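S.K.:
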Amino acid sequence: MRLRPSSFHRSLVAGALALTAVLSGAPIAHAAPDTAPAFRGGPVTGCLDQAVIGTVEEQRLSRGIAGGPSVPAEILRRSGFDRQVELFRQLLCRVPNRQAAAALVSTQGEALWRTATHRAQHPPRGADALPSTDDRGLYWARLSMALTIRQWQPAFSLGTTERATLIRSFEYASRGITSTRFTPGVRKVLVTGFDPFTLDADIRIGNPSGANALTLDGQRWTANGTTYEIQTVVFPVRYTDFDENMVENALAPHYRPGPQHADLVMTASQGRVGIFDLEVFNGRRRSVSSIGDNNNLWGGGTISAPVVSPSMPSGPEWLTSSLPLARMAQADVAPFRTRVNTSVLEIPAGQTLPVRQPDGPTPGSIAAEGTGGGYLSNEVAYRNTLQRDLLDPSMPAGHLHVPVLSFDLTNKTAITDPTYEANREAIVAGAHAILRSALN
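According to numbering that gives the first Met the number 0, the sequence shown is numbered sequentially starting from 0.
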């Protein structure tokens with residue numbers, strides 16, 4: 000494996016140029032004039048309104064264990080992202096106009112993503128630094144910076160819609176969505192992951208599917224004499240973003256003909272204990288009622304009354320993976336095991352109660368749970384394979400569930416431990432092996 004001549008450095012250069020213009024108050028080329036007063040310098044504190052309450056997800060930034068200090072703050076410090084968060088706050092307080100704000104938000108979002116992927120692929124510095132593959136620093140940095148945009152009080156008028164547009168731009172850039180640009184002349188692989196979730200149960204949680212994505216971004220692999228370039232994206236665990244078509248916006252450009260057309264698209268998420276599940280059947284509906292998303296919102300469905308997302312394009316109840324599952328299942332993922340999962344929960348045609356079908360759905364049934372469940376893991380898999388069917392039915396596409404990442408059973412308070420770190424390394428290594436087997 001080797002890192003591609005990354006756009007990491009190029010993005011930082013571009014960002015530095017844009018930020019120089021911001022800090023100097025220089026006009027942005029081709030920007031429309033702004034009649035509001037410009038903030039030209041002075042103290043960088045005091046531009047945030049702390050009374051503005053963040054989202055449920057953002058409110059967890061101050062959470063500790065049993066009344067202790069903030070766990071997210073410790074993760075940010077030990078991963079080095081606290082410095083990037085503070086720099087963003089200072090720069091945002093000096094922004095002179097809307098055009099500069101848009102430039103700052105997008106460049107800093109992409110710089111955050113590039114910093115995270117670069118960190119994931121290089122040894123960290125510092126005696127107490129978290130390991131390179133720890134995905135949590137990016138998650139908490141993104142939330143911190145989004146909250147900064149939400150609380151920011153610029154020296155010019157900024158409407159609710161304009162602020163929401165800035166946050167959306169930052170989200171897309173900091174998740175890798177705006178930087179999945181493949182190099183011409185190589186085969187192209189797109190892999191996705193997810194943010195941490197169930198944080199109300201344990202604020203320390205990470206997500207190994209996100210860690211896997213960070214370690215893969217920009218990598219070039221050679222298999223049987225063919226060079227593959229890998230680009231990655233990390234999705235939020237939020238129904239609203241799915242309802243606003245974030246998955247389609249991220250994936251569809253790589254199904255359409257053209258220089259960014261991919262050769263394989265694999266979504267991934269965290270699933271079950273001890274198992275890599277290669278999910279065969281993806282269901283169209285949401286059914287999980289026992290767990291909310293990261294904003295404590297529910298999808299609206301139950302096992303006996305599953306629902307379709309309001310933004311879901313029309314499509315069949317069930318879609319099937321087209322990844323080379325039999326070959327992928329042979330990958331060495333020790334100490335875990337791999338399973339080609341065909342078990343679904345369906346409401347058979349003409350019936351009202353859900354039935355477990357171990358070998359896949361029967362004709363005319365309603366999807367209560369795909370092989371990947373009835374939560375956002377199943378939905379990202381369905382949305383992915385629906386894009387395949389609509390735009391390029393021959394594309395290998397499907398979903399991988401990686402094993403659950405757990406702390407040592409005796410660790411109830413520390414943000415990391417040797418067991419947690421060894422498990423994450425093993426899960427990432429297993430996910431790499433499965434992907435490599437797909438390319439072979």
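Yeah, the Cβ is synthetic: ideal placement off N, Cα and C, and Gly gets one too.
Please read all numbers here as calculations on a predicted model, not as lab measurements.
(1) Indicate whether V343 and P360 have their beta-carbon atoms separated by less than 7 Å.
(2) Tell me whether the beta-carbon of Y138 lies closer than 7 Å to the beta-carbon of P68.
(3) Quick one: Cα of R124 to Cα of S131, how far?
(4) Nearest to C46 by alpha carbon, out of I64, A366, S61, L90?
(5) Take K187 as the anchor and find which of I148, L198, T231 has the nearest alpha-carbon.
(6) Would you kindly work out how many angstroms separate the C-alpha atoms of V427 and I204, rounded to a whole number?
(7) Measuring straight from C-alpha to C-alpha, what distance separates A333 and I433?
(8) Ordered along the chain, which non-local residues of its own chain (more than five positions away) have a Cβ less than 6 Å from that of V55?
(9) Quick check: A193 and G136, are their CB atoms within less than 7 Å of each other?
(10) Could you check where the alpha helix (DSSP H) with M245 kicks off and where it finishes?
(11) Helix, strand or coil for R113 per DSSP?
(12) Quick check on D276: does DSSP put it in helix, strand or coil?
(13) Going by C-alpha to C-alpha distance, which of V354, V279, A154 sits closest to T384?
(14) Which residue's Cα is closest to the Cα of D133: L86, R77, Q150, L165?
(15) Using the Cβ count rule (16 or more neighbours within 10 Å means buried), how would you classify P353?
(16) When you compare only the Cα positions, how much space is there between A31 and L389?
(17) Can you tell me which of E170, T164, A163, W151 puts its alpha carbon nearest to the alpha carbon of A142?
(18) Assuming E345 is part of the beta strand (DSSP E), what are its boundary residues?
M.R.: In short, the structure shows the following:
(1) Along the sequence shown, one-based indexing puts residue 343 at 344. Along the sequence shown, one-based indexing puts residue 360 at 361. Yes. Within cutoff.
(2) In the sequence shown, counting from the first residue as 1, residue 138 sits at position 139. In the sequence shown, counting from the first residue as 1, residue 68 sits at position 69. No, these two residues do not count as a Cβ contact at 7 Å.
(3) Working through the sequence shown from its first residue, we reach residue 124 at position 125. Working through the sequence shown from its first residue, we reach residue 131 at position 132. Rounded to whole angstroms, R124 to S131 spans 9 Å at the Cα level.
(4) Within the sequence shown, the letter at position 47 stands for residue 46. Answer by Cα proximity: L90.
(5) Residue 187 sits at position 188 when you count from the first residue of the sequence shown. Among I148, L198, T231, the Cα nearest to that of K187 is on T231.
(6) Within the sequence shown, the letter at position 428 stands for residue 427. Within the sequence shown, the letter at position 205 stands for residue 204. Each residue's alpha carbon lies about 16 Å from the other.
(7) For the purposes of this step, residue 333 is taken as the residue at position 334 of the sequence shown. For the purposes of this step, residue 433 is taken as the residue at position 434 of the sequence shown. Cα to Cα, A333 sits roughly 12 Å from I433.
(8) For the purposes of this step, residue 55 is identified with residue 56 of the sequence shown, where counting begins at 1. The answer, listed in chain order, is N294, N295.
(9) Along the sequence shown, one-based indexing puts residue 193 at 194. Along the sequence shown, one-based indexing puts residue 136 at 137. Checking the displayed sequence, the identity of residue 193 turns out to be Phe instead of Ala. No, Cβ-Cβ distance for F193 and G136 is not below 7 Å.
(10) Counted from its first residue, the sequence shown places residue 245 at position 246. Its alpha helix (DSSP H) spans residues 245–250.
(11) Translated into positions along the sequence shown, residue 113 becomes position 114. Of the three classes helix, strand and coil, the one that applies to R113 here is helix, per DSSP.
(12) For this step, residue 276 is matched to residue 277 along the sequence shown. Strand.
(13) Within the sequence shown, numbered from 1, the residue matching residue 384 stands at position 385. With distances taken between Cα atoms, T384 lies closest to V279.
(14) Position 134 of the sequence shown, counted from the start, is the residue given in the question as residue 133. Cα-wise, what sits closest to D133 is R77.
(15) In the sequence shown, residue 353 corresponds to position 354, counting from 1. Classification for P353: buried.
(16) Residue 31 sits at position 32 when you count from the first residue of the sequence shown. Residue 389 sits at position 390 when you count from the first residue of the sequence shown. Note that A31 has pLDDT 30, beneath the 50 cutoff, so the model's placement of it is unreliable and the number below is only indicative. Their Cα atoms are separated by approximately 39 Å.
(17) Translated into the one-based positions of the sequence shown, residue 142 becomes position 143. For the sequence presented, residue 142 should be read as Leu rather than Ala. For L142, the nearest C-alpha among the options comes from E170.
(18) For the purposes of this step, residue 345 is taken as the residue at position 346 of the sequence shown. From DSSP, the beta strand (DSSP E) with E345 extends over 343–346.
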